[in-house]
Each structure stands twice: as structure tokens, then as C-alpha cells.
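Asker: In order, the protein sequences belong to chains A and B. If you're matching positions, the first sequence starts at 32 in our numbering and goes up one per residue. If you're matching positions, the second sequence starts at 751 in our numbering and goes up one per residue. From the three backbone atoms N, C-alpha and C, an ideal C-beta is built for every residue, glycine too.
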Amino acid sequence: MAVLDAPRIVTSRLALEDSHTLARYLATGGYEALRKALSMHPEQVAAEVDQASLLGRGGAGFPAGRKWSMLRPSEVAYLVVNGDESEPATFKDHLLVERDPHQLVEGVIIAAYALQVNRAFIYLRGEFALGLERVQAALNEAYDHGALGRDIFGSGFSLDVVVHPGAGAYICGEETALLEGLEGKRGFPRIKPPFFPAVQGLYGEPTVVNNVETMSNLPWILLHGGAAFAALGAGRSTGTRLFALAGRVNRPGVYEVEMVKNTFRDLIYDPALGGGVPGDRPVKAFIPGGVSAPWFGPDQLDLPLGQDEVAGQGSMLGSGSVVVFDDRSCAVRAAWRITKFFSRESCGQCTPCREGSGWIERAMYRLEHGGGRVEDLDLLLDLCDNIAPGLTWPPQQTTICVLGSSIPSSVHAAIEMFKDEFLAHVEKQGCPFD
Amino acid sequence: MSHLRVDLRQRAEELVALYPRPRSAMLALLHLIQEQDGYVSPEGIDEVAELTGTTPADVRGTASFYDMFHLEPVGRYVVGVCTNIACLFAGGEELLAHASRRLDCAVGSTTDDGLFTLEETECLADCGHAPCVTVNHRYVRTTTPEAFDAMIEEVRQGRRDHEIPDHGTLVRVRRNGGLRVPDEVIVAERAAAKAARARRLEGAG
Numbered sequence: 032m033a034v035l036d037a038p039r040i041v042t043s044r045l046a047l048e049d050s051h052t053l054a055r056y057l058a059t060g061g062y063e064a065l066r067k068a069l070s071m072h073p074e075q076v077a078a079e080v081d082q083a084s085l086l087g088r089g090g091a092g093f094p095a096g097r098k099w100s101m102l103r104p105s106e107v108a109y110l111v112v113n114g115d116e117s118e119p120a121t122f123k124d125h126l127l128v129e130r131d132p133h134q135l136v137e138g139v140i141i142a143a144y145a146l147q148v149n150r151a152f153i154y155l156r157g158e159f160a161l162g163l164e165r166v167q168a169a170l171n172e173a174y175d176h177g178a179l180g181r182d183i184f185g186s187g188f189s190l191d192v193v194v195h196p197g198a199g200a201y202i203c204g205e206e207t208a209l210l211e212g213l214e215g216k217r218g219f220p221r222i223k224p225p226f227f228p229a230v231q232g233l234y235g236e237p238t239v240v241n242n243v244e245t246m247s248n249l250p251w252i253l254l255h256g257g258a259a260f261a262a263l264g265a266g267r268s269t270g271t272r273l274f275a276l277a278g279r280v281n282r283p284g285v286y287e288v289e290m291v292k293n294t295f296r297d298l299i300y301d302p303a304l305g306g307g308v309p310g311d312r313p314v315k316a317f318i319p320g321g322v323s324a325p326w327f328g329p330d331q332l333d334l335p336l337g338q339d340e341v342a343g344q345g346s347m348l349g350s351g352s353v354v355v356f357d358d359r360s361c362a363v364r365a366a367w368r369i370t371k372f373f374s375r376e377s378c379g380q381c382t383p384c385r386e387g388s389g390w391i392e393r394a395m396y397r398l399e400h401g402g403g404r405v406e407d408l409d410l411l412l413d414l415c416d417n418i419a420p421g422l423t424w425p426p427q428q429t430t431i432c433v434l435g436s437s438i439p440s441s442v443h444a445a446i447e448m449f450k451d452e453f454l455a456h457v458e459k460q461g462c463p464f465d
Numbered sequence: 751m752s753h754l755r756v757d758l759r760q761r762a763e764e765l766v767a768l769y770p771r772p773r774s775a776m777l778a779l780l781h782l783i784q785e786q787d788g789y790v791s792p793e794g795i796d797e798v799a800e801l802t803g804t805t806p807a808d809v810r811g812t813a814s815f816y817d818m819f820h821l822e823p824v825g826r827y828v829v830g831v832c833t834n835i836a837c838l839f840a841g842g843e844e845l846l847a848h849a850s851r852r853l854d855c856a857v858g859s860t861t862d863d864g865l866f867t868l869e870e871t872e873c874l875a876d877c878g879h880a881p882c883v884t885v886n887h888r889y890v891r892t893t894t895p896e897a898f899d900a901m902i903e904e905v906r907q908g909r910r911d912h913e914i915p916d917h918g919t920l921v922r923v924r925r926n927g928g929l930r931v932p933d934e935v936i937v938a939e940r941a942a943a944k945a946a947r948a949r950r951l952e953g954a955g
């Protein structure tokens with residue numbers, strides 16, 4: 032049975048009809064964490080977050096406190112929130128921006144104070160039309176409430192926050208591409224080094240880029256203390272985390288669960304969570320952390336939901352998106368569709384990614400739709416090896432950003448796990464599941 | 751003479767003022783052009799170039815990178831059906847094929863009456879309601895062919911216009927005023943905070 036007694040850190044208000052309004056936010060303890068933070072020294076606020084050992088919730092899982100400590104001292108610095116949520120089957124930030132925008136805004140103000148930054152931008156993917164409205168409305172209310180603008184709550188700290196609309200580009204979730212979008216350019220990831228925007232970010236100035244969920248955790252951490260947060264979970268995976276569960280489950284949705292204390296099996300089968308597979312069919316495979324992650328089989332269902340636990344088995348918890356396949360889900364079709372996505376979203380700067388994704392997509396298409404050959408399996412593995420040499424995990428990188436090295440994950444896993452299915456596609460000259 | 755309507759021109763200038771550099775307003779301004787013209791029109795491109803201090807070629811080159819910007823006219827309602835992984839498992843491909851038959855329009859094209867454009871989209875982050883369907887980027891949550899048909903009929907009759915505005919992602923986004931913290935205040939605050947921190951470190955040391 033799942034362990035579900037942990038506090039709800041970021042989803043406590045989501046079920047309320049008016050959860051997005053200032054009135055509801057204030058009635059449920061809103062902006063008290065900010066008042067507390069402003070009564071502390073900035074470095075004390077940063078120390079609480081460091082003690083919480085909050086891992087970034089965007090995908091890479093980099094410790095937020097460490098990222099903050101890398102901010103290069105400068106006369107001008109920025110805070111940017113990454114709300115470009117576009118990893119397929121990831122839909123947790125969508126919920127947070129629409130249903131609890133004040134929690135996000137309060138987190139942003141706390142972070143800006145800790146970092147002593149006076150300009151912040153919230154980058155939301157352009158498809159979040161309602162999210163953009165809700166976050167802007169929350170910012171307007173926060174200004175009127177004295178939580179934003181000059182001399183916040185009489186503290187002597189001032190901050191302006193601007194919400195910035197994206198316009199449909201997966202790659203802008205990559206932080207340096209996001210900064211290019213924020214500078215009004217094509218979303219081309221920047222060449223590394225410099226590796227960290229904290230050294231050279233927006234307009235070349237030091238910039239901290241944090242995910243929506245990461246920011247939304249801050250009010251709770253300030254109110255209850257970093258130690259209380261760190262007491263949840265285990266090892267490096269502290270606190271709770273949002274899991275976006277999709278695919279072949281009875282109750283797809285976003286669930287907040289304590290890190291490590293539950294397993295993938297709990298998430299998929301617990302009646303309060305995924306509620307099992309429709310028709311009680313068996314789980315054939317699942318993607319543990321977004322389509323950039325290698326797949327897992329039923330043997331790994333009892334793996335705890337923790338960053339290092341999943342990494343140790345050769346995949347990643349990534350964006351917190353879990354997609355379930357049952358025995359009637361076609362692995363070839365799934366891997367083809369994921370590759371089609373990468374091919375479409377490749378920005379085109381690097382040859383292995385731009386050309387490789389298209390080649391793989393075309394080979395996978397013909398396997399799925401008729402015209403596949405036995406040699407295609409070797410061809411596919413060779414193409415994957417050209418993008419991420421050695422097909423190791425974590426992958427070797429031949430491209431400016433990790434979109435390239437994410438391409439082989441699904442195809443490689445599908446061939447390793449379901450070679451017979453590929454051969455059946457060749458034999459039938461089409462999809463045996465049709 | 752501005753191509754943007756007076757009210758949109760004012761919003762455009764307010765958006766530019768929110769950023770340290772005018773070019774940063776590029777994506778927001780292109781959304782405003784689509785709000786007025788239904789697509790990124792050549793006249794709109796010229797105006798965005800003027801507002802951002804760039805060239806029309808630069809604006810077009812930027813706009814062409816982003817899926818939401820249409821460089822050619824589209825229908826009044828852009829219908830998006832997702833077929834990515836979560837929607838694939840929920841019948842997204844079948845729903846897209848149904849939509850194409852129902853609207854009598856190939857995927858990626860516009861109906862003869864200019865009312866609908868049908869697009870196959872990538873993940874729109876609403877996978878709890880798969881397959882995901884949007885109209886002008888509003889989630890309509892019609893996951894079955896029957897619900898889709900009923901929705902299309904309502905849209906055709908204009909009965910959904912209150913929740914599905916024309917092509918304006920920012921059509922209801924209004925900031926109540928510009929930036930409140932002038933640069934000189936930032937400079938003064940940063941200097942004061944730095945001095946206070948130095949005193950604390952000295953006191954602690």
C-alpha cells in the first residue's frame with residue numbers, strides 16, 4: 032500500500048474552486064512565508080533552502096541551493112522561472128500555474144529576496160493561455176497587496192516580476208534556449224561553456240533559472256523550515272514531488288507523493304493514485320521520467336520514486352512524468368511517435384540531432400506502417416550510437432544541448448526490451464496490434 | 751501610421767517598456783499581431799521590427815521558429831489535436847482522423863469557409879484529459895468523437911466565443927501598470943544590502 036501521510040506541500044489548495052485568487056490564498060496562510068523571509072537576512076533564507084536540499088523539479092534535478100550559491104556577484108542579476116513545460120506527458124506545472132499562481136509568485140519573491148535580485152521573469156509556454164491570465168492576475172493582486180513593487184511589506188526590498196509568453200517550442204524548456212526566447216530570439220540553445228546561466232545568463236548577466244514546481248515549494252520550506260522538508264523522503268531525494276501519471280491507467284492525473292517512500296507500483300495501482308490498469312491488464316513497460324528517459328519493464332515496478340534510485344537502474348526521474356504501457360500498447364508505435372516529436376522539435380543547430388532524429392523517425396515509421404526490414408534494427412542502433420556514442424546512461428553528448436542525447440532513449444529501450452515485436456512488424460509488414 | 755489598432759499599439763508600447771531591452775518583447779508583440787490580424791501579417795512584421803529596433807527579416811526569422819505563429823492566414827478557429835505519447839494511448843490518432851473527416855479538411859489545412867484550421871499538435875500538457883483538444887489554445891476537453899462533433903457545432907454557431915477568443919494568447923492578459931522599481935532604486939538597494947551583509951560578516955568574523 033502507498034504511504035500517503037506526508038503533508039501536501041504544493042497541492043494543498045488545488046481542490047478549492049477559487050484557489051487562484053488572493054482572497055483564498057490569504058485565507059489559507061498565503062504570503063506569511065514571505066513576511067517571515069523578509070524578517071530574515073537573505074543568506075539565512077538561502078540557508079533554509081540549502082538545508083531542505085531541494086532538488087530542482089524541472090528535469091535535471093540539480094540542487095536549488097547550490098544553483099543559487101553559484102550566482103556570480105554583479106551589479107545586475109536576474110531570476111527567471113522556467114514554466115515552458117513541454118516534455119510529453121508532463122503536466123504538473125500546468126496545474127500549479129492555473130490553480131495556485133499566488134504560491135508560485137510568493138516563491139518567486141522569496142527566491143528573489145534570497146538572491147537579492149530585483150527583476151524576475153516568469154516564462155510560461157504560450158499554449159498556457161489561461162495560465163498566463165491567472166499568473167498575470169496574481170501578479171496584479173500581489174502588487175496591490177504590497178507583496179510586489181517598491182519596499183515590499185516595508186522591508187526595504189523591491190521587486191518587479193514580468194510574465195513572459197512563449198510561442199510553441201519544446202526546446203525553450205532548455206534553460207539557455209529559454210533565455211534566447213526571453214531575449215526575443217529564435218530558441219537556439221547556447222554553446223557551453225559557460226555551463227551555468229548563474230555565471231552568464233540573460234543579456235550575459237548572472238541569472239538563476241528555476242522550475243515552477245521548485246519555486247512553489249519555497250513558501251512551505253520557509254514556513255516549516257528546511258529541516259522539516261529534508262525530513263521527508265530519503266537520501267538526496269527530499270520532500271514531496273509531483274508525478275504526472277498518464278497512459279494506460281484508470282486515474283491519470285497529477286499526484287503529490289513523498290519522495291522514495293512509494294514505488295512505481297504504488298503510484299500506478301493505489302486506489303487513491305493511478306487506480307490500476309484498465310481491464311486489469313498487465314503493465315508491459317513504463318517510462319519513469321519523461322520521454323527523454325529510457326523505459327523500464329515490470330521488473331522495476333517496485334523501485335522507489337527517488338532520483339538516485341531510478342538513476343541507479345539506468346534511467347531518470349526527470350520531469351516527473353510516468354507513462355504506462357499495457358500489453359496492448361505497441362512499443363514500436365510508441366517509440367516512433369516519441370522520435371517524431373524529437374525530430375519535429377530539434378532546433379536544427381547540430382547535425383547528429385537534426386539529421387539523426389529524422390532518419391530514425393523515417394525508419395521507425397516504415398517499421399510501424401509497413402516496409403520495415405530486419406536490417407533496420409541494426410540501422411537504428413547505429414544511428415542512435417552516432418547521436419549518443421556507446422549508448423550509455425547517462426548518455427554521451429555530441430550536441431549543444433541534451434535534446435540530442437535524449438533521442439536514442441526510447442528507440443534503444445524498445446529494441447532491447449521488445450526485439451520480437453520489431454521482428455513481428457517486419458514479418459507482418461505492419462503493426463500486429465492493428 | 752500604425753498598423754496596430756490604437757488600443758493594441760498602446761498595449762504593445764507597454765509591453766516593450768517591461769523589458770530591459772526592447773527586443774525581449776518580440777514574442778509578446780507577435781502574439782498581439784495575431785490577435786488583430788489572425789496571423790503574423792507582413793504589415794505586422796514591419797511594426798514589430800519598428801517597436802523592437804530590429805529588421806522585418808529578423809522578425810520573420812524569429813517568428814518562423816515558433817509553432818504558435820502562423821505566417822500565412824489561418825481559419826478563425828485553430829483546432830489542435832494532440833497525438834503525442836499520452837494521447838496516442840488514448841486514441842489521439844483516431845480522434846485526429848475523425849476531426850479531419852468531420853471538418854472535411856486535411857491535417858494542416860483550412861476549411862473552405864475559412865472557419866477552421868486543423869493541426870496535429872505536440873504535447874499540450876493536459877494529459878489527464880487525453881486525447882487533448884484545443885481551439886485557439888483553449889482546452890476544450892472533448893475526448894470522444896461525439897463530444898468533438900458537439901463542440902465543433904457550438905463553435906460554428908458562435909456559442910463558445912466567450913471562452914474561446916480569437917487568436918490572442920494574451921487577449922485577456924492585462925498588467926495593471928508598468929514596472930514600479932526604477933533602476934536608481936535597484937542600485938541604491940543593492941548597495942545598501944551589500945554594505946549590510948559586509949557588516950554582518952564583519953560582526954560574525
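Please state if the CB of Gln231 of chain A and the CB of Arg150 of chain A are separated by a distance shorter than 9 Å.
Answerer: Counted from its first residue, the first sequence places residue 150 of chain A at position 119. Counted from its first residue, the first sequence places residue 231 of chain A at position 200. Contact: no.
Asker: Within its chain, find whatever has a CB closer than 6 Å to the CB of Ala37 of chain A; leave out the 5 residues flanking it on each side and keep chain order.
Answerer: The sequence position of residue 37 of chain A within the first sequence is 6, counting from 1. The residues are Leu263, Thr271 and Glu289.
Asker: Put Val467 of chain A into one of helix, strand or coil per three-state DSSP.
Answerer: Missing from the structure shown is residue 467 of chain A; chain A here goes from 32 to 465 and no further.
Asker: Report the neighbours of Asp817 of chain B on chain A: residues whose CB is nearer than 8 Å to its CB, in chain order.
Answerer: The residue you call residue 817 of chain B lines up with position 67 of the second sequence. Within 8 Å Cβ-Cβ: Ala198, Gly199 and Ala200.
Asker: Shorter than 9 Å from the beta carbon of His887 of chain B to some beta carbon of chain A?
Answerer: The count along the second sequence starts at 1 and reaches residue 887 of chain B at position 137. Cβ-Cβ to chain A under 9 Å: yes for His887 of chain B.
Asker: Figure out for me which residue from B:Asn886, B:Ser859 and B:Glu822 has the closest Cα to the Cα of Ile914 of chain B.
Answerer: Counted from its first residue, the second sequence places residue 914 of chain B at position 164. Considering only alpha carbons, the answer is B:Asn886.
Asker: Please state whether the Cβ-Cβ distance between Leu869 of chain B and Gly858 of chain B is less than 9 Å.
Answerer: Position 119 of the second sequence, counting from 1, holds the residue named residue 869 of chain B. Position 108 of the second sequence, counting from 1, holds the residue named residue 858 of chain B. According to the sequence provided, residue 869 of chain B is Glu. The question's Leu does not apply to it. Contact flag set, yes.
Asker: Can you have a look at Asp854 of chain B and say buried or exposed, based on whether 16 or more other CB atoms are within 10 angstroms of its CB?
Answerer: Position 104 of the second sequence, counted from the start, is the residue given in the question as residue 854 of chain B. With fewer than 16 other Cβ atoms within 10 Å, it is exposed.
Asker: Quick check on the burial criterion: 16 or more other C-beta atoms within 10 angstroms. Buried or exposed for Ala54 of chain A?
Answerer: As a first step, residue 54 of chain A must be located in the first sequence, where it is residue number 23. Exposed: under 16 other Cβ atoms inside 10 Å.
Asker: Quick check on DSSP: helix, strand or coil for His912 of chain B?
Answerer: As a first step, residue 912 of chain B must be located in the second sequence, where it is residue number 162. Coil, per DSSP.
Asker: Name the one or two DSSP bridge partners that Ser791 of chain B has.
Answerer: In the second sequence, counting from the first residue as 1, residue 791 of chain B sits at position 41. Bridge partners of Ser791 of chain B: none, in fact.
Asker: I'd like the ranges of any alpha helix (DSSP H) spanning at least 4 consecutive residues and lying wholly in the region 233 to 257 of chain A.
Answerer: Correct list: 243 to 255.
Asker: Thinking C-alpha only, which one of B:Met776, B:Asp916, B:Thr894 and B:Val923 is nearest Arg852 of chain B?
Answerer: As a working mapping, residue 852 of chain B is identified with position 102 in the second sequence. Checked all of B:Met776, B:Asp916, B:Thr894 and B:Val923; the closest Cα to Arg852 of chain B is B:Thr894.
Asker: Classify Ala277 of chain A as helix, strand or coil using the three-state DSSP reduction.
Answerer: Along the first sequence, one-based indexing puts residue 277 of chain A at 246. Strand, per DSSP.
Asker: Rounded to the nearest angstrom, what separates Ala365 of chain A and Glu872 of chain B at their Cα positions?
Answerer: Here residue 365 of chain A refers to the residue found at position 334 of the first sequence. Here residue 872 of chain B refers to the residue found at position 122 of the second sequence. Distance between the alpha carbons of Ala365 of chain A and Glu872 of chain B is about 14 Å.
Asker: Just list the residues that DSSP pairs Leu155 of chain A with in beta bridges.
Answerer: Residue 155 of chain A sits at position 124 when you count from the first residue of the first sequence. According to DSSP, which records beta bridges pairwise, Leu155 of chain A is partnered with A:Gly114 and A:Pro196.
Asker: Would you say His848 of chain B lies against chain A (beta-carbon separation less than 9 Å)?
Answerer: Taking the first residue of the second sequence as position 1, residue 848 of chain B is located at position 98. It does not: the Cβ of His848 of chain B has no partner Cβ on chain A nearer than 9 Å.
Asker: Quick one: does Phe464 of chain A have its CB under 9 Å from some CB of chain B?
Answerer: Locating residue 464 of chain A in the first sequence gives position 433, counting from the first residue. Output row for Phe464 of chain A: interface = no.
Asker: Determine the closest residue to Gly307 of chain A out of A:Tyr286, A:Ala362, A:Arg282 and A:Gln331, with distance taken between C-alpha atoms.
Answerer: Here residue 307 of chain A refers to the residue found at position 276 when the first sequence is read from its first residue. Selected option, being the one with the closest Cα: A:Arg282.
Asker: Kindly indicate the opening and closing residues of the beta strand (DSSP E) around Val883 of chain B.
Answerer: Position 133 of the second sequence holds residue 883 of chain B. Val883 to Val885 is the span of the beta strand (DSSP E), which, as asked, contains Val883 of chain B.
Asker: Taking DSSP as the reference, what is the three-state secondary structure of Arg181 of chain A?
Answerer: Looking up residue 181 of chain A in the first sequence gives position 150. If DSSP states are grouped into helix, strand and coil, Arg181 of chain A belongs with coil.
Asker: Please report the straight-line C-alpha distance between Val935 of chain B and Lys944 of chain B, rounded to a whole angstrom.
Answerer: Counted from its first residue, the second sequence places residue 935 of chain B at position 185. Counted from its first residue, the second sequence places residue 944 of chain B at position 194. So the two alpha carbons sit approximately 14 Å from each other.
Asker: Quick one: list the residues of chain B neighbouring Arg279 of chain A, beta-carbon separation under 7 Å, in chain order.
Answerer: Translated into positions along the first sequence, residue 279 of chain A becomes position 248. Here the neighbours are Phe839.
Asker: Would Val923 of chain B pass as a contact of Asp191 of chain A if the rule is Cβ separation under 9 Å?
Answerer: The residue you call residue 923 of chain B lines up with position 173 of the second sequence. The residue you call residue 191 of chain A lines up with position 160 of the first sequence. Cβ atoms of Val923 of chain B and Asp191 of chain A: not closer than 9 Å.
Asker: Taking Cβ positions only, does Asp175 of chain A come closer than 9 Å to chain B?
Answerer: For this step, residue 175 of chain A is matched to residue 144 along the first sequence. Chain B contact via Cβ: present.
Asker: Could one say the Cβ of Tyr300 of chain A lies closer than 9 Å to chain B's Cβ atoms, at least one of them?
Answerer: Your numbering for residue 300 of chain A matches position 269 in the first sequence. No, because no Cβ of chain B sits closer than 9 Å to the Cβ of Tyr300 of chain A.
Asker: Does DSSP put Ile40 of chain A in a helix, in a strand, or in coil?
Answerer: Mapped onto the first sequence, residue 40 of chain A falls at position 9. Three-state DSSP puts Ile40 of chain A in coil, outside helix and strand.
Asker: Could you check whether Ile140 of chain A and Val178 of chain A sit closer than 9 Å to each other, using their CB atoms as the reference points?
Answerer: As a first step, residue 178 of chain A must be located in the first sequence, where it is residue number 147. As a first step, residue 140 of chain A must be located in the first sequence, where it is residue number 109. Residue 178 of chain A is actually Ala in this sequence, not Val. Contact: yes.
Asker: Please identify the residue among A:Pro325, A:Tyr174 and A:Val341 whose C-alpha is closest to the C-alpha of Gly266 of chain A.
Answerer: As a first step, residue 266 of chain A is located in the first sequence; it is residue number 235 there, counting from the start. If we check each option's Cα against that of Gly266 of chain A, A:Val341 comes out closest.
Asker: Considering Ala316 of chain A, what are the terminal residues of the beta strand (DSSP E) in which it resides?
Answerer: The sequence position of residue 316 of chain A within the first sequence is 285, counting from 1. Counting along the chain, the beta strand (DSSP E) containing Ala316 of chain A begins and ends at Val314 to Ile318.
Asker: Residues of chain B with a CB under 7 Å from the CB of Ala160 of chain A: which are they?
Answerer: On the first sequence, position 129 is the one that residue 160 of chain A refers to. In chain order: His887, Arg888 and Thr919.
Asker: Can you round the beta-carbon distance between Pro383 of chain A and Ile418 of chain A to whole angstroms, since I take them to be within the 8 Å contact cut?
Answerer: Stepping through the first sequence from its first residue, residue 383 of chain A is reached at position 352. Stepping through the first sequence from its first residue, residue 418 of chain A is reached at position 387. Contact flag correct, Cβ pair sits at about 5 Å.
Asker: Can Tyr154 of chain A and Glu376 of chain A be called in contact, C-beta distance under 9 Å?
Answerer: Translated into the one-based positions of the first sequence, residue 154 of chain A becomes position 123. Translated into the one-based positions of the first sequence, residue 376 of chain A becomes position 345. Not closer than 9 Å, so no.
Asker: Whose C-alpha, out of A:Leu146, A:Tyr174 and A:Leu210, is nearest the C-alpha of Arg156 of chain A?
Answerer: By 1-based counting over the first sequence, the position of residue 156 of chain A is 125. The option with the nearest alpha carbon to Arg156 of chain A is A:Leu210.
Asker: So the beta strand (DSSP E) Glu289 of chain A belongs to, where does it begin and stop?
Answerer: Residue numbering aside, residue 289 of chain A sits at position 258 when the first sequence is read from its first letter. Per DSSP, Glu289 of chain A belongs to the beta strand (DSSP E) from Gly284 to Glu289.
Asker: Using a C-beta to C-beta distance shorter than 9 Å, which residues of chain B count as neighbours of Val354 of chain A?
Answerer: Stepping through the first sequence from its first residue, residue 354 of chain A is reached at position 323. Here the neighbours are Ile835, Ala836, Phe839 and Cys877.
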